[in-house]
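Undergrad: Numbering (our numbering), first residue to last: 364 to 797.
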């Protein structure tokens with residue numbers, strides 16, 4: 364039976380590349396099937412479509428192409444109207460994303476250097492390729508405020524914000540947000556941070572902005588403004604403020620339907636000592652328990668690795684620990700994943716950012732001091748360079764999974780999308796960096 368099942372699958376993959384026929388749907392005893400109708404017959408295509416491809420069930424077709432990269436899938440949209448409808452269907456879009464995440468395929472590194480963005484295919488580790496992004500014309504520094512389900516949230520210094528899918532090259536510029544009112548009197552400093560994620564409870568992409576103004580005299584005296592942007596409603600909304608003080612402008616980390624920041628109860632604390640989570644479903648802040656660190660006199664940050672919340676502990680730039688919360692919200696589930704020291708990197712450790720696991724799960728890709736990519740072997744507890752051509756001298760990095768998701772599909776008021784006649788992914792119109 365297995366041999367018979369694989370036969371139409373093989374023909375399907377061969378036939379999809381240069382299909383020049385129209386397609387109709389009909390029913391047979393086993394359900395819906397494709398029937399091909401020859402328009403411009405020639406000997407090559409006639410032989411091809413006399414194959415079992417003519418009667419491949421729709422669910423099998425969907426199961427085949429949902430495992431492919433977006434570049435190939437976007438080409439198949441031109442086969443016929445029925446193919447386009449199948450690929451544009453939300454069920455297929457979600458299936459493609461689910462398969463990619465489960466199989467850890469079609470992932471990319473997004474590299475940021477000032478106003479430039481680059482991509483590195485993690486399946487191939489090809490040279491870095493420069494991306495043409497929607498805020499490029501502004502020519503100013505770009506920040507990445509998050510990556511979720513194949514969508515990047517990017518912002519420039521003028522606070523122009525775009526939600527952008529690099530795989531489909533479609534984006535949406537968000538409405539501008541009026542500046543928050545500053546408190547009266549002398550400020551010690553002000554700080555703001557963004558966090559981007561997908562609210563699975565309400566099926567909605569959301570962006571959170573936290574702005575804080577801290578007075579000079581009393582470290583407990585500060586104003587906090589929190590606003591959330593809903594893609595479904597396509598507007599900004601004020602919500603309950605946060606009672607903690609942000610210790611950096613680092614972006615919120617999205618894990619388990621929540622955004623996470625490192626905070627303090629007041630400025631009298633020398634170091635940040637708490638992790639707070641904003642639940643996108645309930646619009647509420649909650650405390651996250653910390654692991655039992657060997658020494659709490661360390662600088663801590665949060666990140667995400669393999670879908671789990673991470674805590675990064677930096678001990679005076681001499682030793683660095685990465686902790687992983689295996690079961691979200693459970694303090695006892697914190698596990699120390701790795702420890703690196705100056706001996707491993709030959710120099711001080713200003714920062715270490717975990718990016719992704721290797722295919723086998725026995726290595727972790729780390730960004731060291733925003734300058735070098737390093738593989739850490741969990742079995743041997745050793746490090747070695749990850750060689751990728753075309754990387755800038757210093758850079759930030761995030762991971763992104765390819766997806767077919769359109770942010771406009773989540774709007775309550777539909778937006779007419781003008782189709783771009785492009786069938787490639789990250790190639791045409793992009794510049795190879797050598």
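Ideal Cβ placement from N, Cα and C applies to all residues, glycine included. Fair warning: this is a prediction, and the values are worked out from it, not measured in the lab.
(1) Quick check: what's the CA-CA separation for residue 533 versus residue 500?
(2) For residue 749, does the three-state DSSP call read helix, strand or coil?
(3) Whose C-beta lies closer than 7 Å to the C-beta of residue 758 among residues of the same chain, with five residues either side of it excluded?
(4) Grab me the residues of residue 543's own chain with a C-beta within less than 7 Å of its C-beta, minus the 5 sequence neighbours each way, in chain order.
(5) Classify residue 662 as helix, strand or coil using the three-state DSSP reduction.
(6) Return helix, strand or coil for residue 470, following the three-state DSSP convention.
(7) Measuring only between beta-carbons, confirm whether residue 570 sits less than 8 Å from chain B.
(8) In the segment 587-639, which residue ranges form an unbroken beta strand (DSSP E) of at least 3 residues, counting only runs that do not cross its ends?
(9) Measure the C-alpha to C-alpha separation of residue 614 and residue 605 and round it to an integer number of angstroms.
(10) Which residue from 516, 607, 425, 714 puts its Cα closest to that of residue 498?
(11) Go through its chain and collect everything with a Cβ distance to residue 703's Cβ below 6 Å, but skip five positions before and after it.
(12) Measuring only the C-alpha atoms, how far is residue 577 from residue 612?
(13) Since residue 643 and residue 622 should fall inside the 8 Å C-beta cutoff, what is the C-beta to C-beta distance between them, to a whole number of angstroms?
(14) Using a Cβ-Cβ cutoff of less than 6 Å, which residues in the same chain neighbour residue 763 once the five nearest sequence positions on both sides are dropped?
(15) With which residues is residue 518 paired in a DSSP beta bridge?
(16) When the Cβ atoms of the segment 453-461 are set against those of the segment 429-438, are three or more pairs found closer than 8 Å?
(17) Look at the alpha carbon of residue 568 and the alpha carbon of residue 720, and state the distance between them as a whole number of angstroms.
(18) Work out the CA separation of residue 667 and residue 656 for me, nearest whole Å.
(19) My output table needs one value for residue 685: the three-state DSSP class, helix, strand or coil.
(20) Whose C-alpha, out of 755, 617, 561, is nearest the C-alpha of residue 480?
(21) Assuming residue 491 and residue 752 make a contact with CB atoms under 8 Å, what is their CB distance in whole Å?
(22) Have a look at 710, 610, 691, 769 and flag the residue whose alpha-carbon is nearest the alpha-carbon of residue 531.
(23) Measure the C-alpha to C-alpha separation of residue 714 and residue 430 and round it to an integer number of angstroms.
(24) Is DSSP giving residue 421 helix, strand or coil here?
(25) Am I right that residue 536 and residue 525 are in contact with their C-beta atoms under 8 Å? What's the rounded C-beta distance?
(26) Going by alpha carbons, who is nearest to residue 601 out of 691, 563, 591?
(27) Measuring CA to CA, which of 705, 740, 731 is closest to residue 722?
(28) Could you please give the first and the last residue of the uninterrupted alpha helix (DSSP H) stretch that includes residue 706?
(29) Can you check whether the CB of residue 527 is closer than 8 Å to the CB of residue 518?
(30) Find out if the Cβ-Cβ distance for the pair residue 663, residue 674 is shorter than 8 Å.
(31) In three-state terms, what does DSSP make of residue 577?
(32) Just the Cα atoms here: how many angstroms apart are residue 775 and residue 596?
(33) Please identify the residue among 742, 717, 744 whose C-alpha is closest to the C-alpha of residue 760.
(34) Indicate the three-state DSSP secondary structure (helix, strand or coil) for residue 459 in the structure shown.
(35) Are the CB atoms of residue 626 and residue 639 nearer to each other than 8 Å?
(36) In whole angstroms, what separates the C-alpha of residue 449 from that of residue 441?
TA: So, from the listed chains and residues:
(1) C-alpha of residue 533 to C-alpha of residue 500: approximately 16 Å in a straight line.
(2) If DSSP states are grouped into helix, strand and coil, residue 749 belongs with coil.
(3) If we look at residue 758 and ignore the five residues flanking it on each side, its Cβ neighbours are 474, 475, 476, 733.
(4) Counting only Cβ-Cβ distances below 7 Å, and skipping sequence neighbours, we find 574, 588.
(5) Reduced to three states, the DSSP call for residue 662 is strand.
(6) DSSP places residue 470 in the strand class (E or B) of the three-state scheme.
(7) Chain labels in this structure do not include chain B; a single protein chain is all it has.
(8) Unbroken beta strand (DSSP E) runs of no fewer than 3 residues, entirely contained in the segment 587-639, are found at 598-602, 616-618, 621-627, following chain order.
(9) The C-alpha of residue 605 is placed about 16 Å away from the C-alpha of residue 614.
(10) Comparing alpha-carbon positions, the option among 516, 607, 425, 714 lying closest to residue 498 turns out to be 516.
(11) Within the same chain, residue 703 has close Cβ partners 683.
(12) Distance between the alpha carbons of residue 577 and residue 612: 14 Å.
(13) Between residue 643 and residue 622 a beta carbon distance of about 7 Å is seen, short of the 8 Å cut, so the two are scored as contacting.
(14) Spatial neighbours of residue 763 in its own chain (CB-CB distance under 6 Å, excluding positions within 5 residues in sequence) are listed in chain order as 471, 473, 510.
(15) Note: residue 518 sits in a beta bridge opposite 506, 524.
(16) Because the criterion of three Cβ pairs below 8 Å is met, the segment 453-461 and the segment 429-438 touch.
(17) Spanning the two alpha carbons is a distance of roughly 26 Å.
(18) Each residue's alpha carbon lies about 18 Å from the other.
(19) Here DSSP, grouped into helix, strand and coil, assigns residue 685 to strand.
(20) It is 755 whose Cα lies nearest to the Cα of residue 480.
(21) Between residue 752 and residue 491 the Cβ distance is about 7 Å, and since that is below 8 Å, they are a contact.
(22) For residue 531, the closest C-alpha among the options 710, 610, 691, 769 is that of 769.
(23) Cα-Cα distance, rounded: 36 Å.
(24) Shown here, residue 421 sits in a helix according to DSSP, grouped into three states.
(25) Distance from residue 536 to residue 525 at the Cβ level is roughly 5 Å; contact confirmed, criterion being Cβ atoms closer than 8 Å.
(26) Ranking 691, 563, 591 by Cα distance to residue 601 puts 591 first.
(27) Minimum Cα distance to residue 722 is reached at 740.
(28) In the DSSP assignment, residue 706 falls within the alpha helix (DSSP H) that extends over 705-708.
(29) In this structure, residue 527 does not lie closer than 8 Å to residue 518 by Cβ.
(30) Yes, they are a contact pair.
(31) Residue state, collapsed to three classes: strand.
(32) Going by C-alpha positions, residue 775 is about 6 Å away from residue 596.
(33) Measuring from the Cα of residue 760, the nearest candidate turns out to be 717.
(34) Of the three classes helix, strand and coil, the one that applies to residue 459 here is helix, per DSSP.
(35) Residue 639 is positioned such that its CB atom lies closer than 8 Å to that of residue 626.
(36) Their Cα atoms are separated by approximately 11 Å.
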